[in-house]
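In terms of the working numbering, the sequence shown has 97 at position 87, counting the first letter as 1, and numbering is strictly consecutive. All C-beta atoms, glycine included, are put in the ideal place defined by N, C-alpha and C. The next block holds one structure in the form of structure tokens; read it before the comments.
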Amino acid sequence: MREIADKVYWAGKVDDRKVPFHRLILEKGTSYNAYLIKDEKTALIDTVDMLYGKEFVDSLGSEMDLLALDYIIVNHTEPDHSGALGALARKAKNARIVCTAYAVYELMEMYKIDKERFLVVRTGDEISLGEKTLVFHETPFLHTEETMVTYLKEEKILFPCDIFSTHVADNDALSVSELEDADSILEDFKVYYKLIMDPHRRYVLPMIDVVKKLDIEMIAPSHGYILDQNVEKYIGIYEENALESKENVKALILFNTMSGNTKKMARMLENELLEHGFEVESTNTEKAELEEVLTKIQYADGVLFGTSTKYADIPGNLEAILKELKELEVEGKPAAAFGSYGWSGEAVEVVQDYLTGAGMKALRSSDVIKSTGMSNVEFPLRVRFNPENSTKEIKLAASVFADAIRF
Ligand code: FEO
């Protein structure tokens, strides 16, 4: 463990392998930064990757009596940070697990932890550790729905887990102030933003608003270097990128077509979205490479998936694309299903299930009615035969989708 501020210790693990991570290989490795605060009460902020879970628990157990651990803060549930939670919770029997409401069921399922162990926090909630105070702020979809950041008020440290991270393994330097040239991390810092945060860019500016209200002297993320100087520079990079994206909202329309009617719908939706001032790209999935389409989905602000129905199912290769969605950074991204049909039109419902299953913000009539009072718009958008007979419905649906993808 290394002290990084008064009573605050780094307790993580540097992983200098070529690390497989989602669909990537992290050539420079990474680190899983956990932090321990030893005040009158003791709190651990995040843990490490599942692979190093036992090592982490043993190491923490050699530093302190695990029965004296009061809180385990889980800012983000992905197993590269919560990986030691199951083993730790079994040994640190008195510790409450602090997280957002969205995280509880995920963690219960992942690590077989009783519901009674959890302490759910919302934005603005505080926990006093004695002299020091933890304050929590929800930061949904950065990069998964349950994420939050933790602020240590007295030391002015922000613990944002994945946010403001860098994928680099460095066994010597823990923070940027220990580097000869602090700016040498900027390229990796920006690459990280592009890969992990940019697909969720619509959620970055609300997070920046939260962060700017805090008096921050140090950002202690859960991958890579601790940012212990010029924190405004790093916050500024996120803000600048998010503002730039706000000016260039991109809609993607993917479709297959049997008789040409779903293609016609795609064209009509494209024209409507262009009228709304967005960049629009329309792709027939039968004519595109899988990887190329997945990259387009990742970087679009919202995606419309169009399909015909053949024998109650999705024809062509669209389903192969939909199956990959769970592997992409698409949680919280607006999406909708549409299609022309002749008899029953089940395929759009199947598409809808995939979108919801991947955590996309899939538009559905009942949600639109509840949030806008508009009861004349249909999602998934389904028209019988020629869409030119449904111009009004398509125009309206495009307008609701436009509102959903606007930042
Ligand atoms: Fe570093 Fe989203 O896990």
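Residue i and residue j closer than 8 Å at C-beta
i    : j    : result
N43  : H177 : no
L279 : I404 : yes
T160 : F169 : yes
L36  : K23  : no
A368 : V340 : yes
V387 : V393 : no
F288 : A407 : no
T317 : G349 : yes
T305 : L264 : no
Y115 : E155 : no
V67  : A97  : yes
L332 : V303 : no
F417 : R212 : yes
Strand pairing of residue i, partner residues [DSSP]
i    : result
F265 : N294 and G316
D219 : D219 is not bridged to any residue.
T143 : S138
A15  : V18
I35  : P30
P5   : The question about residue 5 has no answer, for the chain in this structure spans 11 to 417.
K23  : Y42
Distance between beta carbons of residue j and residue i, contact taken as under 8 Å
i    : j    : result
P390 : A347 : 4 Å
I324 : A276 : About 15 Å separates the two Cβ atoms, so there is no contact after all.
I415 : A261 : 6 Å
F395 : G352 : 6 Å
K142 : L162 : 6 Å
G326 : N266 : 4 Å
A102 : G63  : About 13 Å; that fails the 8 Å criterion.
M120 : T87  : 7 Å
Y309 : Y248 : That belief does not hold up - the Cβ atoms of Y309 and Y248 are roughly 17 Å apart, past 8 Å.
L335 : M370 : 7 Å
K17  : D56  : At roughly 17 Å, the Cβ-Cβ gap does not stay under 8 Å, so K17 and D56 are not in contact.
N258 : P397 : Between P397 and N258 the Cβ distance is about 28 Å, and since that is not below 8 Å, they are no contact.
beta-carbon residue i near the ligand FEO non-hydrogen atom, thresh 7 Å
i    : result
S232 : yes
D90  : yes
H210 : no
D172 : yes
H286 : no
H153 : yes
H86  : yes
Residues near residue i by beta carbon distance below 8 Å, same chain, minus five either side
i    : result
D80  : K51, T52, A53, N104, A105, R106 and L139
T366 : A372
L236 : Strictly speaking, residue 236 in this sequence is Ile, with Leu absent from that position. Contacts found: I14, W20, N43, L184, S185, V186, M228, I229 and A230.
Y244 : F174, F199, I229 and L237
H210 : F151, L152, H153, E339, E341, G342 and K343
A322 : S354, E356 and A357
D124 : M118
G418 : Since the displayed the chain opens at 11 and closes at 417, residue 418 lies outside it and no answer follows.
I206 : H153, D172, S175 and E339
E282 : I404, K405, A408, S409 and A412
Residues near residue i in its chain [Cβ-Cβ closer than 7 Å; skip 5 each side]
i    : result
M11  : Y19, W20, A21, L46 and E73
E148 : T110, R132, T133 and M158
R127 : A99, R106 and I107
R33  : E337
H286 : A412
N181 : V24 and D26
V225 : In the sequence on display, residue 225 carries Asp and not Val. K166.
D135 : F146
Residues near residue i in its chain [Cβ-Cβ closer than 6 Å; skip 5 each side]
i    : result
L215 : A252
M217 : T149 and L152
T319 : Y351, G355, E356 and A357
S292 : I263, A276 and E280
CB contact below 8 Å: residue i versus chain D
i    : result
L184 : Going by chain labels, chain D is absent from the structure shown, which holds only one protein chain.
Contact test: residue i Cβ vs the ligand MG heavy atom, cutoff 7 Å
i    : result
R106 : This structure simply doesn't include the ligand MG; it includes the ligand FEO instead.
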